[in-house]
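Let me begin by presenting the structure, written as structure tokens, before commenting on it.
2 protein chains.
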Amino acid sequence: MDIAEVAKASGLPASTLRFYEEKGLIQSTGRNGLRRLFSANVIERLALISLGRSAGFSLDEIGEMFTPEGLDINRALLLAKADELDRTIEELAAMRDGLRHAAVCKAPNHFECPKFLRLLRIAGKNRFRQPNKLKENKLKRGVQKT
Amino acid sequence: MDIAEVAKASGLPASTLRFYEEKGLIQSTGRNGLRRLFSANVIERLALISLGRSAGFSLDEIGEMFTPEGLDINRALLLAKADELDRTIEELAAMRDGLRHAAVCKAPNHFECPKFLRLLRIAGKNRFRQPNKLKENKLKRGVQKT
DNA sequence: CCTTGACTTAAAGTCGACTTTAGCTTGTAT
DNA sequence: ATACAAGCTAAAGTCGACTTTAAGTCAAGG
Numbered sequence: 122m123d124i125a126e127v128a129k130a131s132g133l134p135a136s137t138l139r140f141y142e143e144k145g146l147i148q149s150t151g152r153n154g155l156r157r158l159f160s161a162n163v164i165e166r167l168a169l170i171s172l173g174r175s176a177g178f179s180l181d182e183i184g185e186m187f188t189p190e191g192l193d194i195n196r197a198l199l200l201a202k203a204d205e206l207d208r209t210i211e212e213l214a215a216m217r218d219g220l221r222h223a224a225v226c227k228a229p230n231h232f233e234c235p236k237f238l239r240l241l242r243i244a245g246k247n248r249f250r251q252p253n254k255l256k257e258n259k260l261k262r263g264v265q266k267t
Numbered sequence: 122m123d124i125a126e127v128a129k130a131s132g133l134p135a136s137t138l139r140f141y142e143e144k145g146l147i148q149s150t151g152r153n154g155l156r157r158l159f160s161a162n163v164i165e166r167l168a169l170i171s172l173g174r175s176a177g178f179s180l181d182e183i184g185e186m187f188t189p190e191g192l193d194i195n196r197a198l199l200l201a202k203a204d205e206l207d208r209t210i211e212e213l214a215a216m217r218d219g220l221r222h223a224a225v226c227k228a229p230n231h232f233e234c235p236k237f238l239r240l241l242r243i244a245g246k247n248r249f250r251q252p253n254k255l256k257e258n259k260l261k262r263g264v265q266k267t
């Protein structure tokens, strides 16, 4: 299949496919002139990559999970990520509760509110970040070059 | 207090404090020569900012919550973030379960495993990202300019 | 008075995952 | 045979939140 077909089947733009190939995450099976040719199983591989990304793996980490023959799941790494997710989930849950409290708390100064102070303590422990432009990108991507 | 004191009290590097001031998130009360002077309440403000970051707010969003007089918590925004966190937590939990399953699943091809396929479906819905270099940065920061 | 170390600024650099651009090349349809 | 849409490459740009760098200022201690 050519790159456009892969793009359509995987939902990823061609630029991303080229980028992934350059990174060694997928391979093309050959060329027809200049044009890359892919075998159908690249679709599964891309699904795996998307999955990994969703689970919080970096592209490099995902790359390390693949062996020449195919995917070689590193079980220890999976379990470590799962544990990491557990910790993240706990922190996010605490934050969520704190936010809901803050929204109704009527203490004039939040620093006098014990719940708020607890929240502050939790927050101090860790910093994580989330992007906030993902949907926009998805939308743009869908609309691109109509 | 001068910037070094604020840095120490807040745990943030001076460069970050200047950056936040430039962004309008904090203000200095004046100067002693070139040097910024801060009033003590900037510490609380910084705690609030760190809290917001931990809860997933962007600096711009945090900025919008402050009014000239101080902080003016936008309750609707807080609740919306809390709901967003709920959704994120659900997805992360599904991912975590999927990872744990994948680590023990012995199906030769994961695409034949229904649990795995369900995971794939969930992953397809959303993409979120997490950084992976935060601790390193923190460590480096502690060691800097010994 | 002079050194010095903490502070200042503006501008550039970093990180990860891509996207965009500019300028070519080519398979395919007419 | 020729046009042209679709592919190609290398390089630069983007986003957010900072950090780093280079070059300059200056208050305070000796």
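Which chain is which? The protein sequence lines are A and B, in order.
Mapped onto our numbering, the consecutive letters of the first sequence carry residue numbers 122 to 267.
Mapped onto our numbering, the consecutive letters of the second sequence carry residue numbers 122 to 267.
Each residue gets a CB set at the ideal place from its N, CA and C atoms; glycine is no exception.
Keep in mind that this is a model prediction, so the values were computed, not measured.
Strictly by DSSP, which residues pair up with N153 of chain B?
Residue 153 of chain B sits at position 32 when you count from the first residue of the second sequence. According to DSSP, N153 of chain B bridges with B:R156.
Straight-line CA distance for G177 of chain A to L155 of chain B?
Within the first sequence, the letter at position 56 stands for residue 177 of chain A. Within the second sequence, the letter at position 34 stands for residue 155 of chain B. The alpha-carbon atoms of G177 of chain A and L155 of chain B are separated by roughly 44 Å.
Can you list, in chain order, the residues of its chain whose CB lies under 8 Å from that of F232 of chain A, leaving out five sequence neighbours each side?
Within the first sequence, residue 232 of chain A is the residue found at index 111, counting from 1. L238, listed in sequence order.
So, helix, strand or coil for F178 of chain B, using DSSP?
Taking the second sequence and counting its residues from 1, one reaches residue 178 of chain B at position 57. Here F178 of chain B sits in coil by DSSP.
Answer yes if the segment 211 to 225 of chain B comes into contact with the segment 144 to 158 of chain A, meaning at least three C-beta pairs across the two stretches below 8 Å, and no otherwise.
no
For L123 of chain B, list the residues DSSP reports as bridge partners.
In the second sequence, the residue the question calls residue 123 of chain B occupies position 2. Checking the sequence shown, residue 123 of chain B turns out to be Asp, not Leu. DSSP lists B:L158 as partners of D123 of chain B.
In whole angstroms, give me the CA-to-CA distance for L139 of chain A and A203 of chain A.
Position 18 of the first sequence, counted from the start, is the residue given in the question as residue 139 of chain A. Position 82 of the first sequence, counted from the start, is the residue given in the question as residue 203 of chain A. Looking at the sequence shown, residue 139 of chain A is not Leu but Arg. Straight-line Cα distance between these residues: approximately 30 Å.
In angstroms with no decimal places, state the Cα-to-Cα distance between P229 of chain B and V163 of chain A.
Within the second sequence, numbered from 1, the residue matching residue 229 of chain B stands at position 108. Within the first sequence, numbered from 1, the residue matching residue 163 of chain A stands at position 42. Roughly 17 Å between the two C-alpha positions.
Do you know whose CA, among B:I183, B:A224, B:N153, lies nearest L167 of chain B's CA?
Numbered from its first residue, the second sequence carries residue 167 of chain B at position 46. Looking at the Cα atoms, B:I183 is the closest of the given residues.
Coil, strand or helix - A135 of chain B by DSSP
Taking the second sequence and counting its residues from 1, the one referred to as residue 135 of chain B is at position 14. Helix.
Considering only C-alpha positions, which residue in the set A:R208, A:D123, A:T137, A:L241 is nearest to S171 of chain A?
As a working mapping, residue 171 of chain A is identified with position 50 in the first sequence. Among A:R208, A:D123, A:T137, A:L241, the Cα nearest to that of S171 of chain A is on A:T137.
For R221 of chain A and P134 of chain B, the rounded distance between their alpha carbons:
Locating residue 134 of chain B in the second sequence gives position 13, counting from the first residue. Locating residue 221 of chain A in the first sequence gives position 100, counting from the first residue. P134 of chain B and R221 of chain A: Cα-Cα distance of roughly 30 Å.
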